[in-house]
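> Next up is a structure, given as structure tokens.
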Amino acid sequence: MTHAVPARLALLAAALTALAPAPPAAAATFQCDERTAFAILGVDTAEGRLLLAAEGAAGGGGWIVEAAPRTDSGAEGEARESARYHPAPAVRPYAGSIGPGPVFALTDCGRSCLQAVRWEGGSWVPLGEPLLVPRTATAHTTYDADGTPWVVLQRAAEAPPGLRGEQAVEAWAYRLEGREWRSAGALTVYASSASEAVPAPGREDAIVSGSGLFAAGEAPSTWLRGLPKLGAERRGVLLPVGRRGAAYVTSDGGLFLSTDAGASWTRSRWSPWGRSETRIWSPGQDYELDVPAGDRQGPLSLVWFDRRYPDRQRVLLTEWSPAGDFRLLSELAPEVSTLNDQQLPFTEIVILQPGAWALLTGCVHTANGPGLVLRTYGAGGLSRPRFLPLGPAAPPPPAGGDEALAPLPD
């Protein structure tokens, strides 16, 4: 078991001794404090890079933050960290990608039309030709392990025979070839993944959406042989783990595991605070399970929020592999204490790459400017809390970008 480092900021004391008030509003100046809300736009798991959306601390204009936290141990790794902010472009895309490639997303370009856009140099630029879609479909984006972009569209459907009562959707998959989004077929799939579309574990040219497997040059197929027998009120999140492993986190915090692609399931009673399986503690009451955003190619990553003792709450980082068992990676307090005793709770936990975690508290404004307070976990273990300064990015080139994203006529 790895023991937590005391959650006190031990570096940049001058910057964090007292959080300075934000400067007067300025159109080109990024301002943030503990009230600033961040949302993950996407994750490039090849580069370990995060794209975050932030609103102005005083209700000002939006910003996009690029951050590449390092999980190397020691100051040498941290010296290669970077975090930059950009004024948010007029285009506000959605369904940002999580996978091994630069973050891309989708924006509406007219009736039943979607345009994929990729974040490049501080602006969104078109990625491929527009894609015609059913009006009632929801859309998701990802990359396969080979770095090729995919778009998956989903629409409610009737469950396949033998799976009545399961939530089913009709899924259409498209793979980018040159500038064209080529169809990879359609399939009725059941259950949902944490991101609705993820790279297929162990495959270079395929993705998974729920129970469906979509691959280049192949007909769609079902990789999952079944789900735990549960009532509709407990439907949860399906996660592929390796070539034949799977995990299912129920809506009430239960955890089921499979090592044979869902042919059989076992209710997990493992807990990170006991040496054996336990039935004493109740999910949703004594603890909560969370599936962090980010990489899906490595072992199953789960965060446990231990609330058994209100005065000693903990966050525990764990991994599970079908070839082994659960492993407790580290545990820590659910917040960081600054040198002036301000408590900054973790607001985002992300898997940047297999085995590389980033835990963000959000933004603070110091006498030396804005920055992110975070901790990371990697090969060197759990880092101490640290301050990652946020600086302005170079302005994007004037040509291209938003101007090329005018909506097509209806």
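Here the sequence shown is numbered in our numbering, starting from 368 and rising by one per residue. Just so you know, even glycine gets a beta-carbon here, dropped at the ideal spot from N, CA and C. Note that the coordinates shown come from a computational prediction; the quantities given were computed from them, not determined experimentally.
Can you tell me the Cα-Cα spacing of residue 722 and residue 597, whole angstroms?
What you label residue 722 is simply residue 355 of the sequence shown in a count that begins at 1. What you label residue 597 is simply residue 230 of the sequence shown in a count that begins at 1. C-alpha separation (whole angstroms): 31 Å.
> For residue 520, which beta-bridge partners are listed by DSSP?
As a working note, residue 520 is residue 153 in the sequence shown. DSSP, once it has assigned bridges, lists 506 and 539 as partnering residue 520.
> Which residue or residues does DSSP assign as beta-bridge partners of residue 673?
Residue numbering aside, residue 673 sits at position 306 when the sequence shown is read from its first letter. Its beta-bridge partners are 654 and 681.
> Around the C-beta of residue 544, are 16 or more other C-beta atoms found within 10 angstroms, so that it is buried, or is it exposed?
Against the sequence shown, residue 544 aligns to sequence position 177. Label assigned to residue 544: exposed.
> In the DSSP output, which residue or residues are listed as bridge partners for residue 723?
Looking up residue 723 in the sequence shown gives position 356. Paired residue(s): 720.
> Roughly how many angstroms separate the alpha carbons of residue 455 and residue 568, rounded to a whole number?
As a working mapping, residue 455 is identified with position 88 in the sequence shown. As a working mapping, residue 568 is identified with position 201 in the sequence shown. Residue 455 and residue 568: Cα-Cα distance of roughly 34 Å.
> Compare the C-alpha of residue 701 against each of 726, 689, 691 and 708 and name the closest.
As a first step, residue 701 must be located in the sequence shown, where it is residue number 334. When each option's Cα is compared against that of residue 701, the closest is 726.
> Can you pull the DSSP bridge partners for residue 398?
Within the sequence shown, numbered from 1, the residue matching residue 398 stands at position 31. Answer by DSSP bridge pairing: none, since residue 398 is not bridged.
> Would you kindly work out how many angstroms separate the C-alpha atoms of residue 616 and residue 603, rounded to a whole number?
Locating residue 616 in the sequence shown gives position 249, where the first residue counts as 1. Locating residue 603 in the sequence shown gives position 236, where the first residue counts as 1. Rounded to the nearest angstrom, the two C-alpha atoms are 5 Å apart.
> Between 593, 611 and 518, which has its C-alpha nearest residue 583's C-alpha?
Position 216 of the sequence shown, counted from the start, is the residue given in the question as residue 583. Here the closest residue by C-alpha is 518.
> Quick one: is residue 759 buried, meaning 16 or more other Cβ sit within 10 Å of its Cβ, or exposed?
For the purposes of this step, residue 759 is taken as residue 392 along the sequence shown, with counting starting at 1. With fewer than 16 Cβ atoms within 10 Å of its Cβ, residue 759 is classed as exposed.
> Bridge partners for residue 430 per DSSP, in chain order?
Here residue 430 is taken as the residue at index 63 of the sequence shown, counted from 1. According to DSSP, which records beta bridges pairwise, residue 430 is partnered with 421 and 454.
> Please report how far the alpha carbon of residue 735 lies from the alpha carbon of residue 710, in whole angstroms.
Numbered from its first residue, the sequence shown carries residue 735 at position 368. Numbered from its first residue, the sequence shown carries residue 710 at position 343. Cα to Cα, residue 735 sits roughly 20 Å from residue 710.
> Between the C-alpha atoms of residue 457 and residue 608, what's the straight-line distance to the nearest angstrom?
Within the sequence shown, the letter at position 90 stands for residue 457. Within the sequence shown, the letter at position 241 stands for residue 608. Computed Cα separation, rounded: 38 Å.
> If we require 3 or more residues per run, which beta strand (DSSP E) segments fall completely within the stretch 564 to 626?
The qualifying runs are 573 to 576, 579 to 582, 604 to 608, 612 to 616 and 622 to 625.
> Quick one: give me the first and last residue of the beta strand (DSSP E) that residue 487 is part of.
Sequence index remark: in the sequence shown, residue 487 carries index 120 (1-based). Residue 487 -> beta strand (DSSP E) spans 480 to 487.
> Am I right that residue 587 and residue 593 are in contact with their C-beta atoms under 8 Å? What's the rounded C-beta distance?
Numbered from its first residue, the sequence shown carries residue 587 at position 220. Numbered from its first residue, the sequence shown carries residue 593 at position 226. With a Cβ gap of about 18 Å, residue 587 and residue 593 do not count as contacting.
> Could you check the C-alpha separation between residue 475 and residue 481 for me, to the nearest Å?
In the sequence shown, residue 475 corresponds to position 108, counting from 1. In the sequence shown, residue 481 corresponds to position 114, counting from 1. The alpha-carbon atoms of residue 475 and residue 481 are separated by roughly 5 Å.
> Do residue 703 and residue 728 have their CB atoms nearer than 8 Å?
Position 336 of the sequence shown, counted from the first residue, corresponds to residue 703. Position 361 of the sequence shown, counted from the first residue, corresponds to residue 728. Against a cut-off of 8 Å, the Cβ pair of residue 728 and residue 703 comes out as a contact.
> If you draw a straight line from the C-alpha of residue 339 to the C-alpha of residue 621, how long is it?
Residue 339 lies beyond the residue range present for the chain, which begins at 368 and ends at 777; the question has no answer from this structure.
> Three-state secondary structure (DSSP) at residue 660?
In the sequence shown, counting from the first residue as 1, residue 660 sits at position 293. It is a strand residue.
> The beta strand (DSSP E) spanning residue 744 covers which residue range?
Numbered from 1 along the sequence shown, position 377 holds the residue referred to as residue 744. Run containing residue 744: 736 to 745, per the beta strand (DSSP E) assignment.
> For residue 730, which residues does DSSP report across the bridge?
As a first step, residue 730 is located in the sequence shown; it is residue number 363 there, counting from the start. Beta-bridge pairing links residue 730 to 739.
> Helix, strand or coil for residue 534? Go by DSSP, reduced to three states.
Here the question's residue 534 lines up with position 167 in the sequence shown. DSSP places residue 534 in coil when its eight states are reduced to three.
> Just to confirm the assignment, what range does the beta strand (DSSP E) spanning residue 496 have?
Reading the sequence shown from its first residue, position 129 is the one you call residue 496. Where residue 496 is concerned, there is no enclosing beta strand (DSSP E), given that its DSSP letter is neither H nor E.
> Among the candidates 685, 667 and 420, whose CA atom is the shortest distance from the CA of residue 321?
The structure shown does not extend to residue 321, since the chain is modelled only from 368 through 777, so no value can be given for it.
> Would you call residue 647 buried or exposed, if buried means 16 or more other Cβ atoms sit within 10 Å of its Cβ?
As a working mapping, residue 647 is identified with position 280 in the sequence shown. Per the 10 Å Cβ criterion, exposed.
> Can you give the Cα-Cα distance for residue 498 and residue 406, rounded to whole angstroms?
Here residue 498 refers to the residue found at position 131 of the sequence shown. Here residue 406 refers to the residue found at position 39 of the sequence shown. Their backbone Cα atoms lie some 26 Å apart in a straight line.
> Hey, quick one: how far does the beta strand (DSSP E) through residue 628 stretch, first residue to last?
In the sequence shown, counting from the first residue as 1, residue 628 sits at position 261. Element bounds for residue 628: n/a, residue is neither H nor E.
> When you compare the CB positions of residue 785 and residue 737, do they come within less than 8 Å of one another, or not?
The structure shown has nothing for residue 785, since the chain only spans 368 to 777.
> What do you reckon, are the CB atoms on residue 508 and residue 463 nearer than 8 Å?
One-based indexing of the sequence shown puts residue 508 at position 141. One-based indexing of the sequence shown puts residue 463 at position 96. Yes, these two residues count as a Cβ contact at 8 Å.
> Which residues in the same chain as residue 547 place their Cβ atom closer than 8 Å to its Cβ, once the five residues preceding and following it in sequence are excluded?
As a first step, residue 547 is located in the sequence shown; it is residue number 180 there, counting from the start. For residue 547, where only same-chain residues beyond five positions count, the Cβ hits under 8 Å are 495 and 496.
> If I measure Cβ to Cβ from residue 688 and keep anything under 6 Å in the same chain, skipping five residues before and after, which residues do I get?
Along the sequence shown, one-based indexing puts residue 688 at 321. Result list for residue 688: 666, in chain order.
> Using 8 Å as the threshold, is the C-beta distance between residue 536 and residue 560 below it?
As a position in the sequence shown, residue 536 is number 169, starting the count at 1. As a position in the sequence shown, residue 560 is number 193, starting the count at 1. Their beta carbons are not under 8 Å apart, which means residue 536 does not touch residue 560 by this criterion.
> According to DSSP, simplified to helix, strand and coil, what is residue 667?
Counting from one through the sequence shown, the residue named residue 667 turns up at place 300. Residue 667 falls in the strand class under three-state DSSP.
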